[in-house]
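Those protein sequences? They're chains A and B, same order as listed. Start counting the first sequence at 1073; every next residue gets the next number (the numbering used here). Start counting the second sequence at 2; every next residue gets the next number (the numbering used here). Where a beta carbon is used, it is the ideal one built from N, C-alpha and C, also for glycine. None of these values were measured; they are calculated from a predicted model.
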Amino acid sequence: MKKIWSVIKREYLQIVKTKGFIIGTILGPVLMGAIIFVPFLVSVVSVGEQERIGVVDETHEIFEALDKKLDHKLKDGNRRYILEEYKPAADMEALRQDLNQKVLHKSLNAYLHIPGNVIEDGTAEYVSEHVSDFTKLRNINETLNSVIIEKRLRREGLDPRKIAQYIKRVGLKTIKVTKKGEEEDTGGTFLIAYILVLILYMTLFFYGAIIMRGVIEEKTSRVVEIVLSSLRPFQLMAGKILGIAAVGFTQYTIWAIFGFSATRYSKSLIVSIFPGASGFKLPSVPPYIFVYFVVFFILGYFLYGTFYAAIGSMVNSEKEAQQLLFPVTMFLVVPILLIMFVIRAPNSTFAVVLSLIPFFAPILMLLRICVLLPPFIQVAGSIGILLLTIFLMIWLTGKIYRVGILMYGKRPSFQEIVKWIRYK
Amino acid sequence: MVKMNALEVENISKSFGDFYAVKNLTFNISEGTIYGLLGPNGAGKTTTIRMVMNIIIPDEGRIKVLDRKMDEEMKERIGYLPEDRGFYPKMKVGELLLFLAELKGMAKLDARKKINSWLGRFDLADWKDKKVEELSRGMQQKLQFIATVIHQPELIILDEPFSGLDPVNTKLLKDIMLEMKAEGRTVIFSTHRMEQVEMICDNICLINKAERILEGDLSQIKKQYGKNTVILDYEGDGCFIKDFPEIDRLDDYGKFMEIRLKEEIDPQVLLPKIVGKIRVNKFEVREPTLNAIFIEKVGARDEKDMVSH
Chain A
1073 MKKIWSVIKR EYLQIVKTKG FIIGTILGPV LMGAIIFVPF LVSVVSVGEQ
1123 ERIGVVDETH EIFEALDKKL DHKLKDGNRR YILEEYKPAA DMEALRQDLN
1173 QKVLHKSLNA YLHIPGNVIE DGTAEYVSEH VSDFTKLRNI NETLNSVIIE
1223 KRLRREGLDP RKIAQYIKRV GLKTIKVTKK GEEEDTGGTF LIAYILVLIL
1273 YMTLFFYGAI IMRGVIEEKT SRVVEIVLSS LRPFQLMAGK ILGIAAVGFT
1323 QYTIWAIFGF SATRYSKSLI VSIFPGASGF KLPSVPPYIF VYFVVFFILG
1373 YFLYGTFYAA IGSMVNSEKE AQQLLFPVTM FLVVPILLIM FVIRAPNSTF
1423 AVVLSLIPFF APILMLLRIC VLLPPFIQVA GSIGILLLTI FLMIWLTGKI
1473 YRVGILMYGK RPSFQEIVKW IRYK
Chain B
2 MVKMNALEVE NISKSFGDFY AVKNLTFNIS EGTIYGLLGP NGAGKTTTIR
52 MVMNIIIPDE GRIKVLDRKM DEEMKERIGY LPEDRGFYPK MKVGELLLFL
102 AELKGMAKLD ARKKINSWLG RFDLADWKDK KVEELSRGMQ QKLQFIATVI
152 HQPELIILDE PFSGLDPVNT KLLKDIMLEM KAEGRTVIFS THRMEQVEMI
202 CDNICLINKA ERILEGDLSQ IKKQYGKNTV ILDYEGDGCF IKDFPEIDRL
252 DDYGKFMEIR LKEEIDPQVL LPKIVGKIRV NKFEVREPTL NAIFIEKVGA
302 RDEKDMVSH
């Protein structure tokens, strides 16, 4: 144990003293902050541009109302959309060709073609170079929709003054119910779940790579046999993994301090600079989420750490390791691809099964816990399965590591690795 | 008083798949001697040493170190210099030695004192706070010697210690080995360079193709081969000598020849047959060199193998 302690100490000090660690620790939260706050600030601060939209109104009765209603404003108070009417011509095909050219030459951002039967049929066409700005499309679609519905109702002889009230949209407020009661949730749960899962994902990758690089360094510098003349291969592996875990905890602790002070003071800071941001609400996070985050980080770290250590022991260079890393990378990437699915249906059978698979569990179970606390038996089950898998992995990788670390030259085949595991 | 055995290796075998790296190997080393483990490349020397160090576990057999069964605790009483050796390049010299000394169970204070005295002795004191990667190759080799003996091991195991050393470091290492012996410690080293063995070894074990083919006291082994070897130091074209019927083996180095005569042949008959044909600077009758024995033993096996395959 004393020897493992020496190895832990060496690993820890060697990494913590490097410039890379210091820079990474400082840059981590800055980057995180940037990822979260920059899009938010951009949306708060940016003025946006006016858009010129042509309208071909074959009904001759919609343009005016649409022009009046589509009155979204930019931050500087100007109209966002400037509508230009184009009278329908006898040859509609030629007019459209003409308008297409205008769009391509940027004298129009887009044009709207409203056919004569739109009030009965209900389909208009929006033509532009790009049609992926969903806010814009929703603005136009909803406005057009309400204008046309109003027309329909007028035709039915309803009181024009009451129509606005009849077609008023119904709002939907999202409220999350927890044991503590009701709480309005404006997407904060999603944001927190997403951030925590991404941190977990990135650090598992990151610390795994550090472990692997360390093992490869010991192997290529040929120091490993000198060290093994004092302790068992397993002690060396354990010391390395634990030492780097200590590095991880140091980094997390620093980040947590950053994070808590940021959530405490940053809002007032942002609001004082941009008064428009006062509507933004930082979601409150129940403390158990952080406890589970630490638990799943530890479990994920050991699961993947042993994996990375074994791979490092099998190869002679990081380049050689790339191929073997493929399955590990897949295990980490697949749950990230499933995030949206699990957030949408955290208690579906599929999500439950996925979150019990040990290689996916750290990320997906944490995600489920963030979104909607699953039954305790499922959380305990996934932790239990993870622990079992970790013990199995330690046993298996210990055997691979013990042989691999002294093998130089050709990368072993799968059959050879199976043979290594069988050695006495 | 009967001397204790520093190392007892009894019938150890190790195979990797179908390949025997070491087969039924037995040898004993008594305390306070220098022991040479010889053999061509790939004979199984490194595997044997790794088994002694408990880095590889033998399939069969028994190893006793310093009169105890080899286990992890015994590693603290052994100093080991592996064949493939290097250090953590980014560590400082002093930190590295302290780390290695701690792994050998030394207390920090004691380790620091020893590190300073060894660094001073090898003119490395100024390098203590430099990174290992900044040291020259020769300095790194000195560092390796220090790391091997810093904890005053009772048994020192050196795998191919002389390979890659310049003459200065070769002498330094040889002096350390003799010093260790004088202090009553035991030294084992593997090599395929016979000159060094002849100079410093008390006993040897010759391994070829995983098996022991010769073991024992070096001077006695040589004696067994009798005094019918002639060392000839000459000038001129000595090619004709190899056709003499009295000759069993001959190694010609151009200016120097080691001639092994057939049994019952008196070396004196050789001399008149060469005088006058080449210039003879030296004609010495002696025991064969270890090099000749090595080549004969290992070579003979190879030839036998060729026939049987």
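Open item on the list: Whole angstroms are fine: how far does the CA of residue 164/B sit from the CA of residue 287/B?
Closed with: To locate residue 287/B, count along the second sequence from 1; it is residue 286. To locate residue 164/B, count along the second sequence from 1; it is residue 163. It is roughly 29 Å from the alpha-carbon of residue 287/B to the alpha-carbon of residue 164/B.
Task: Residue-chain proximity (residue 176/B, chain C), Cβ-Cβ < 8 Å - done: Reference to chain C is not applicable here, since the protein chains of this structure are A and B.
Open item on the list: Starting from residue 14/B, trace the beta strand (DSSP E) in both directions and tell me its first and last residue.
Closed with: Along the second sequence, read from residue 1 onward, the residue named residue 14/B stands at position 13. 6-17 is the span of the beta strand (DSSP E), which, as asked, contains residue 14/B.
Open item on the list: Closer than 7 Å between beta carbons: that is the criterion. Which residues of the stretch 1280-1304 of chain A meet it against chain B?
Closed with: Listed by position, the residues of the stretch 1280-1304 of chain A near chain B (Cβ gap below 7 Å) are 1293, 1294, 1295, 1297, 1298, 1299, 1300, 1301, 1302, 1303 and 1304.
Open item on the list: Closer than 9 Å between beta carbons: that is the criterion. Which residues of the stretch 1361-1388 of chain A meet it against chain B?
Closed with: So nothing in the stretch comes that close.
Open item on the list: Using only CA atoms, which one of 198/B, 229/B, 281/B and 285/B lies nearest to residue 295/B?
Closed with: Locating residue 295/B in the second sequence gives position 294, where the first residue counts as 1. Minimum Cα distance to residue 295/B is reached at 198/B.
Task: Own chain partners of residue 1323/A with C-beta closer than 6 Å, once the 5 adjacent residues on each side are dropped - done: Taking the first residue of the first sequence as position 1, residue 1323/A is located at position 251. These residues qualify, in order along the chain: 1097.
Open item on the list: Does the CB of residue 87/B have a neighbour CB from chain A at under 8 Å?
Closed with: Residue 87/B sits at position 86 when you count from the first residue of the second sequence. Closer than 8 Å to some Cβ of chain A, the Cβ of residue 87/B qualifies, so yes.
Task: Backbone secondary structure at residue 23/B - three-state DSSP - done: Here the question's residue 23/B lines up with position 22 in the second sequence. Residue 23/B falls in the strand class under three-state DSSP.
- [ ] Kindly indicate which residue of 52/B, 292/B, 196/B and 280/B has the alpha-carbon position closest to the one of residue 226/B.
- [x] The residue you call residue 226/B lines up with position 225 of the second sequence. Selected option, being the one with the closest Cα: 292/B.
Task: 8 Å Cβ cutoff met for residue 44/B and residue 209/B - done: Sequence index remark: in the second sequence, residue 44/B carries index 43 (1-based). Sequence index remark: in the second sequence, residue 209/B carries index 208 (1-based). Yes, they are a contact pair.
Task: Through-space distance from residue 1457/A to residue 175/B, alpha-carbon basis - done: To locate residue 175/B, count along the second sequence from 1; it is residue 174. To locate residue 1457/A, count along the first sequence from 1; it is residue 385. Computed Cα separation, rounded: 57 Å.
Task: Inside the stretch 1383-1412 of chain A only - alpha helix (DSSP H) runs reaching at least 4 residues - done: Correct list: 1390-1409.
Open item on the list: Just checking: is the beta-carbon of residue 75/B within a distance shorter than 8 Å of some beta-carbon in chain A?
Closed with: In the second sequence, residue 75/B corresponds to position 74, counting from 1. With a threshold of 8 Å between beta carbons, residue 75/B makes no contact with chain A.
Open item on the list: I'd like to know whether the C-beta of residue 36/B is nearer than 8 Å to at least one C-beta of chain A.
Closed with: Counting from one through the second sequence, the residue named residue 36/B turns up at place 35. Chain A, which has no Cβ nearer than 8 Å to the Cβ of residue 36/B, makes this no.
TODO: Keeping to the same chain, check which residues put their C-beta closer than 6 Å to that of residue 250/B; ignore five residues upstream and five downstream.
DONE: By one-based count along the second sequence, residue 250/B stands at place 249. The beta carbon of residue 250/B lies closer than 6 Å to those of 261 in the same chain, with the five residues before and after it left out.
TODO: Could you tell me which chain B residues have their CB closer than 7 Å to the CB of residue 1082/A, listed as they occur along the chain?
DONE: Residue 1082/A sits at position 10 when you count from the first residue of the first sequence. The contacting residues are 100.
Open item on the list: Restricting to runs no shorter than 3 residues, where is the beta strand (DSSP E) found entirely within the stretch 205-241 of chain B?
Closed with: DSSP runs (the beta strand (DSSP E)) wholly in the stretch 205-241 of chain B: 212-218 and 230-236.
Open item on the list: Against residue 155/B, what residues of chain A qualify as contacts under a CB-to-CB distance less than 7 Å, listed in chain order?
Closed with: On the second sequence, position 154 is the one that residue 155/B refers to. Correct list: empty, because the minimum Cβ distance to chain A is about 14 Å.
- [ ] Give a yes or no on whether 8 Å exceeds the smallest Cβ distance from residue 41/B to chain A.
- [x] Translated into positions along the second sequence, residue 41/B becomes position 40. So, not an interface residue.
Open item on the list: DSSP three-state label for residue 288/B, please.
Closed with: Position 287 of the second sequence holds residue 288/B. Coil.
TODO: Starting from residue 190/B, follow the beta strand (DSSP E) in both directions and report where the run begins and ends.
DONE: Position 189 of the second sequence, counted from the first residue, corresponds to residue 190/B. Run containing residue 190/B: 187-192, per the beta strand (DSSP E) assignment.
- [ ] Return the CA-CA distance between residue 1368/A and residue 1460/A, expressed in angstroms with no decimal places.
- [x] Locating residue 1368/A in the first sequence gives position 296, where the first residue counts as 1. Locating residue 1460/A in the first sequence gives position 388, where the first residue counts as 1. Rounded to the nearest whole angstrom, the CA to CA distance from residue 1368/A to residue 1460/A is 14 Å.
TODO: With residue 1425/A as the anchor, note down where its beta strand (DSSP E) starts and where it stops.
DONE: Indexing the first sequence from 1 puts residue 1425/A at position 353. Run containing residue 1425/A: none in the beta strand (DSSP E); it sits in the alpha helix (DSSP H), 1421-1428.
- [ ] Inspect the CB distances between the stretch 77-95 of chain B and the stretch 1292-1307 of chain A and report whether three or more fall short of 8 Å.
- [x] Contact between the stretch 77-95 of chain B and the stretch 1292-1307 of chain A is present, with at least three C-beta pairs closer than 8 Å.
Task: Cβ contact check for the stretch 1465-1479 of chain A and the stretch 1439-1456 of chain A: 3 or more pairs under 8 Å - done: The stretch 1465-1479 of chain A, when compared against the stretch 1439-1456 of chain A, does not touch it at the 8 Å Cβ threshold.
- [ ] Name the residue from 154/B, 157/B, 87/B and 32/B whose alpha carbon lies nearest to the alpha carbon of residue 136/B.
- [x] The count along the second sequence starts at 1 and reaches residue 136/B at position 135. Looking at the Cα atoms, 87/B is the closest of the given residues.
Task: Rounded straight-line distance, which links the Cα of residue 92/B to that of residue 1373/A - done: If you number the first sequence from 1, residue 1373/A lands on position 301. If you number the second sequence from 1, residue 92/B lands on position 91. Cα to Cα, residue 1373/A sits roughly 26 Å from residue 92/B.
Open item on the list: So with CB distances below 9 Å, who are the chain A contacts of residue 162/B?
Closed with: Stepping through the second sequence from its first residue, residue 162/B is reached at position 161. One finds nothing in chain A with a Cβ atom closer than 9 Å to the Cβ of residue 162/B; even the nearest lies about 13 Å away.
TODO: Taking only beta-carbon positions, decide if residue 1491/A is within less than 8 Å of chain B.
DONE: Taking the first sequence and counting its residues from 1, one reaches residue 1491/A at position 419. For residue 1491/A, the answer is yes, since a Cβ of chain B falls inside 8 Å of its Cβ.
Task: residue 1462/A vs residue 1319/A beta-carbon contact at 8 Å - done: For this step, residue 1462/A is matched to residue 390 along the first sequence. For this step, residue 1319/A is matched to residue 247 along the first sequence. No, Cβ-Cβ distance for residue 1462/A and residue 1319/A is not below 8 Å.
Task: Neighbouring residues, chain A, relative to residue 21/B (Cβ below 8 Å) - done: By one-based count along the second sequence, residue 21/B stands at place 20. What residue 21/B touches in chain A: nothing, since even the nearest Cβ is about 14 Å away.
Task: Same chain, Cβ closer than 7 Å to residue 299/B, neighbours up to 5 away in sequence not counted - done: Looking up residue 299/B in the second sequence gives position 298. For residue 299/B, where only same-chain residues beyond five positions count, the Cβ hits under 7 Å are 41 and 209.
Open item on the list: Could you check whether the Cβ of residue 315/B sits closer than 8 Å to any Cβ belonging to chain A?
Closed with: Residue 315/B is absent from the model: chain B starts at 2 and stops at 310.
Open item on the list: Contact criterion: CB-CB distance below 8 Å. Does residue 1078/A meet it with respect to chain B?
Closed with: The residue labelled residue 1078/A in the question sits at position 6 within the first sequence. It does: the Cβ of residue 1078/A has a partner Cβ on chain B nearer than 8 Å.
Open item on the list: Output needed for residue 1129/A: all residues of its chain with C-beta closer than 6 Å, excluding positions within five of it in sequence on either side, in chain order.
Closed with: Position 57 of the first sequence, counting from 1, holds the residue named residue 1129/A. Excluding residues within five positions, the ones whose Cβ falls inside 6 Å are 1135 and 1186.
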